[in-house]
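In the UniProt record's numbering, the protein residues as written are 1 to 359.
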C-alpha cells in the first residue's frame, strides 16, 4: 500500500521462498508454496511503488521458470493490473516527489514568518495525494471498494503524522470517515479523528465546533427533561473544553505582558542607578522606556483582542446549540444559563450581547 513498501514485499516473498517445499515440485507442500508465491506476486505487482518494475521482472521469471506456456498466460492476465499500477506510480512521482514524510511534526509557522511558505507547500502536497487516492487511479471502486477506503485512510493517517498541528487535516479526515461510514472494531473513526485532533490542538475552534455539531447530529433527540439535560451536557462538552483552554491562554497572555513590562522597568531602574547625572541622557532613557512600554502594551493588546473575539464567537455558537437543544431555558439550563455563564467568565465583545438578543 505504501509508496516505499517495496522492501517489505521483497522480504515477504523471500520469506515464502525460504519455507518448506520446492517451487515446481510434485508434492502437495510444493504446490502450496507455489500458490502462496503466486498470490504474493499478484498482490505486489498491483501496488504503485518504487520497486514495482523490479518485482514485475521477478514475477515474470517466476512464471516462465515454472512453465513457459502457462507462464505467458498468467503474465498476460496480470499485465493490465501491472500497467495500471505503473501508470499510477508515475503519476504519484509527479505529485508527491517533493513530499517530506516525517513522523516528527512541527508547529505551523505564522503567515509571513520564516518557513510558512514551505509548510503550506507540504500541506498542499498531502492534500494532492489524498485527492489523487480519492480519484481512484487504480480502479478499485467497483471490485475492491474496501481496499480503496483503506488506501485513503492510510494516506490520511500518514498526513496527520506530519501535520499533527494542522486542525484542518483532522477535520477533513473525520468528514471523509463520516461520509463513508468508516468504523474499526466498533469505533467511529471520524469521532476518533476529532478527539485525537482536539488532544493535539486543544485551542482549535474548528475541531471543537465540528465535534459539537457531530454529537448534536448523531445523539437522538430526547423526550424527558432528564434525558434532554444529558444530551445538552454531551453536546456542550467540546465547547467547554476549548473555552477552558482559551481562558487559560488569556491568563498566560496577561502574565507574559506583566513579566515583559517588569523586565523593561527593571532594566530602566538599573540603568538609572548607573547614570552619571546627565539630564539629556535621563530624558532619552525616559523616552525610550515609554516607547518600549507602549510597544509591548500595543502588541499584547492586539493578541488579547483577537483572543476575546475568539472566545466570544465560541460562546455565541454554544448559545445557539443550547437554544436548539433546550430552548431559551432558565438560569439553570438552556440559552439563558449559557449567557449567564458567559457574562460571569467575562472577556466578551459586544458581539455576544447582539447575537443573544437575536437568537
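Ideal Cβ placement from N, Cα and C applies to all residues, glycine included.
Nothing here was measured: the structure is a model prediction, and the numbers come from that model.
Going by DSSP in three states, residue 300 sits in which element: helix, strand or coil?
helix
Could you tell me the distance, in whole angstroms, from the CA atom of residue 60 to the CA atom of residue 193?
42 Å
Could you please give me the residues that DSSP links to residue 149 through a beta bridge?
Answer is none; residue 149 lacks a bridge partner.
Can you give, in chain order, each stretch of the beta strand (DSSP E) that sits fully within the region 315-346 and has at least 3 residues?
none
For the structure I just gave you, are there three or more beta carbon pairs, one from the region 118-126 and one from the region 62-72, closer than 8 Å?
no
With 16 as the cutoff for other CB atoms within 10 Å, does residue 178 come out buried or exposed?
When all chains shown are included, residue 178 counts as buried.
Tell me whether residue 183 sits in a helix, a strand or coil according to DSSP, three-state version.
strand
Since residue 165 and residue 108 are thought to touch, with beta carbons under 8 Å apart, how far apart are those beta carbons, to the nearest angstrom?
Confirmed, Cβ separation roughly 6 Å.
Mind checking who residue 188 pairs with in its DSSP beta bridge?
Paired residue(s): 183.
Could you have a look at residue 166 and say whether DSSP puts it in helix, strand or coil?
coil
Which stretch, first to last residue, makes up the alpha helix (DSSP H) that contains residue 62?
For residue 62, the enclosing alpha helix (DSSP H) has its first and last residue at 52-66.
Tell me which same chain residues have a C-beta within less than 7 Å of the C-beta of residue 201, skipping the five on either side of it?
165, 167 and 207
What is the residue span of the alpha helix (DSSP H) that residue 350 lies within?
350-358
Excluding sequence positions up to five away, which residues of its chain have a Cβ less than 7 Å from the Cβ of residue 174?
190, 193, 194 and 210
Determine, using beta carbons only, whether residue 321 and residue 236 come nearer to each other than 8 Å.
yes
Between 312, 345, 333 and 157, which lies nearest to residue 354 when the distance is taken from Cα to Cα?
312
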